Every structure is written in structure tokens, then in C-alpha cells.
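Undergrad: Please find one structure pasted underneath; my questions will follow.
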Amino acid sequence: MSSEGSVPSSDHPTIAVIGGGVMGGTLVSALCVAGWPGAAITVVDRNPERRAVLASSHGVALAEDARAAVAGAGVAILAVKPQQMAAVLAELSDALEPGTLVFTVAAALPASFYEARLPAGTPVVRAMPNTPAVVGAGATSISAGTHATEEHLALAERMLRATGLVVRVDEPLIDAVIAVAGSAPAYFYAMVEALTEAGVMQGLEREMATMLAQQTFVGAARLLVESGDTPQELRRRVSSPGGTTLAALEAMANAGLQGVISAGANAAVARSKELGAQLSE
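Here this note's numbering is used: the first residue of the sequence shown is 6, the next is one more, and so on.
Here it is, written out as C-alpha cells:
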């Protein structure tokens with residue numbers, strides 16, 4: 006979808022996207038779907054091939070560096086790795102216009118990390134997206150920094166509209182969101198792998214086991230969302246007394262399924278806090 010040549014409007018403030026990788030590129034696509042013209046978006050990325058793809062696909066402008074990109078921008082989207090963030094903030098800090106919204110999708114780093122490195126009063130909104138946002142089926146939380154207002158959060162929601170579900174949380178809960186949504190696609194893929202291996206061990210061809218596992222998870226998720234029923238109710242409907250499903254669920258419970266999931270979530274939260282503390286030193 007290309008909006009090349011369109012003129013930015015007051016409803017669509019100019020946006021600088023620092024980092025054109027998977028998530029940065031996803032956000033560019035989402036912005037275009039949400040109505041932002043390509044002329045209102047400037048992208049910076051080290052990879053010339055990636056820059057070229059975004060320019061040809063969406064008609065966005067390109068900049069040589071972060072300072073040039075954010076000059077005059079109403080929003081600066083920071084889509085670089087947490088380990089790179091301090092250097093990026095040092096580069097662009099004095100080029101930001103007063104009141105520019107800084108919107109970050111980096112994990113672990115609190116809003117205070119940005120506020121300490123940006124001009125006083127800079128509004129910061131943190132977002133924690135997950136990778137299904139690439140196909141418009143993501144789950145993203147947003148939280149406001151000290152100076153971000155309701156208007157800033159509403160703007161963030163508009164920018165993310167095409168990525169899937171967007172919820173607001175208080176910043177202390179962002180680490181919990183990472184455990185439940187940000188890192189969780191990997192848990193799902195691990196479960197598909199495990200179920201596939203179980204099918205192979207029972208005699209299925211690998212390709213068939215993979216297709217069956219994939220479609221079953223997709224269908225189950227869709228049923229959960231569209232039926233309005235709780236997971237507990239849907240689970241009960243499949244679990245006939247004395248049947249195969251109940252036998253499988255009991256075996257999983259005895260093997261510690263709930264404990265395994267909780268351990269993973271706890272590890273994700275702990276690592277997020279640890280990484281934030283290390284990078285904030």
C-alpha cells in the first residue's frame with residue numbers, strides 16, 4: 006500500500022520510525038492502513054535493502070540518521086533493540102521538537118529510562134507488541150510515561166489499530182504483559198513442536214502431524230474468541246468423562262503443566278526486570 010505524494014494532515018502527524026526491521030516495518034504498514042500517507046513517515050535503518058523495500062512498498066521518506074528523521078516530527082517511534090537504545094537517544098535527543106511523542110516498542114526499559122535521556126517534559130508511551138502483529142493479529146499493551154496524556158495514548162491506539170488487539174495497562178504491569186503476550190508466541194510454537202513430535206511418535210508423517218497441530222491450535226483459538234465462552238467451559242465440552250481428552254489432560258496435569266507454564270512466565274518477568282536494570286545502570 007503506497008501513499009507516495011500524499012500530504013500529511015493534522016489528523017496524521019509526521020512520524021519518524023527509527024529502525025525498519027520486523028517490528029518497525031510492521032508499524033509502518035499499520036500506519037499506512039490506519040490512514041497515514043507515506044509522505045508523513047520517515048524511516049531510518051542501517052540496512053539499505055530494508056530501506057528500499059519500505060520506500061517502494063509504502064512511499065515513505067528515508068533519512069540518513071535519527072537526528073534528520075526526528076527533526077520536525079510529531080512522533081518518534083523507536084523500534085531498535087534495548088541494547089541500542091541509549092545510543093539512539095543520545096543521537097536524537099537535542100533534535101526533538103518540544104512536545105514530540107516518543108513511542109517505544111523496546112522491551113525491558115522503563116519510561117524513566119527515556120525521560121532521563123530526553124528533554125524535560127517529553128511525553129513517552131511504551132508499547133509491548135508481539136510478533137503476530139505482522140499479520141494483523143497481535144496483542145499489544147501500551148502504557149504512559151510521566152508526561153504522556155490521554156491524547157497521547159489515544160494517538161498510540163490509532164497508530165496500532167491495524168496490528169490487532171491494543172490494551173492499556175499501568176507501566177508496572179508491562180513485564181507481566183511480556184510474559185503473557187510478548188514472549189508467548191514462542192510458547193505456542195514450542196507447544197506445536199511438541200505436539201507434532203508426539204504425533205510422529207504415534208506413527209503420523211511429520212508433515213501431516215504439523216498440519217494437524219497447526220490447524221487445531223488456530224481453530225481452537227478462533228473458537229475461543231468467537232464463541233465468547235471461557236477456556237474452562239470449552240475445555241469441559243471436549244473432556245467427556247472416561248474419554249481420551251480427559252485422560253490426556255490428567256496426564257499433563259500430573260506431569261506439571263501448570264507449573265511449567267508458570268515457571269516460564271516467571272522467568273520472562275525476571276529476565277525483563279534484570280535486563281532493564283542492567284541497561285539503566
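Glycine is no exception: its CB is placed at the ideal position from the N, C-alpha and C atoms.
Please read all numbers here as calculations on a predicted model, not as lab measurements.
Kindly list the residues whose CB is nearer than 6 Å to the CB of A74, restricted to its own chain and excluding five residues on each side of it in sequence; keep chain order.
TA: A21, T47, V49 and A68
Undergrad: For E9, name the three-state secondary structure that DSSP assigns.
TA: Bear in mind that the predicted position of E9 carries a pLDDT of just 39, short of 50, making it unreliable; the figure below should be weighed with that in mind. Three-state result, E9: coil.
Undergrad: What is the residue span of the beta strand (DSSP E) that L209 lies within?
TA: Counting along the chain, L209 falls outside any beta strand (DSSP E), and DSSP gives it neither H nor E.
Undergrad: Taking the C-alpha atoms as reference points, what is the distance between T127 and A268?
TA: 37 Å
Undergrad: Which residue marks the beginning of the alpha helix (DSSP H) containing T249, and which one marks its end?
TA: T249 to N259
Undergrad: What first and last residue would you give for the beta strand (DSSP E) that runs through L106?
TA: L106 to T109
Undergrad: Please tell me whether, using a cut-off of 8 Å, the distance from the CB of M213 to the nearest non-hydrogen atom of the ligand GDP is below it.
TA: The ligand GDP is absent from the structure shown, which contains no ligands of any kind.
Undergrad: Where are the alpha helix (DSSP H) runs, 4 residues long or more, that stay fully inside the stretch 67-155, in chain order?
TA: 71-75, 87-97 and 116-120
Undergrad: Grab me the residues of L97's own chain with a C-beta within less than 6 Å of its C-beta, minus the 5 sequence neighbours each way, in chain order.
TA: A71, R72 and V75.
Undergrad: Do three or more CB pairs link the stretch 175-190 to the stretch 106-124 at distances below 8 Å?
TA: yes
Undergrad: Just tell me which of V140, F118 and T19 has its CA closest to the CA of L106.
TA: T19
Undergrad: Compute the beta-carbon to beta-carbon distance between L94 and R122, rounded to the nearest angstrom, for a pair I have assumed lies under 8 Å.
TA: 4 Å
Undergrad: Per the DSSP calculation, T47 is bridged to which residue(s)?
TA: As DSSP reads the structure, T47 sits in a beta bridge with A21 and A66.
Undergrad: Spatial neighbours of A218 within its chain, please: C-beta separation below 6 Å, excluding the five flanking residues on both sides.
TA: V197, L200 and T201
Undergrad: DSSP beta-bridge partners for V4?
TA: Past the edges of the chain, shown from 6 to 286, lies residue 4, and the structure says nothing about it.
Undergrad: How big is the Cα-Cα spacing for G29 and A252?
TA: 45 Å
Undergrad: Whole angstroms are fine: how far does the CA of D16 sit from the CA of V27?
TA: 26 Å
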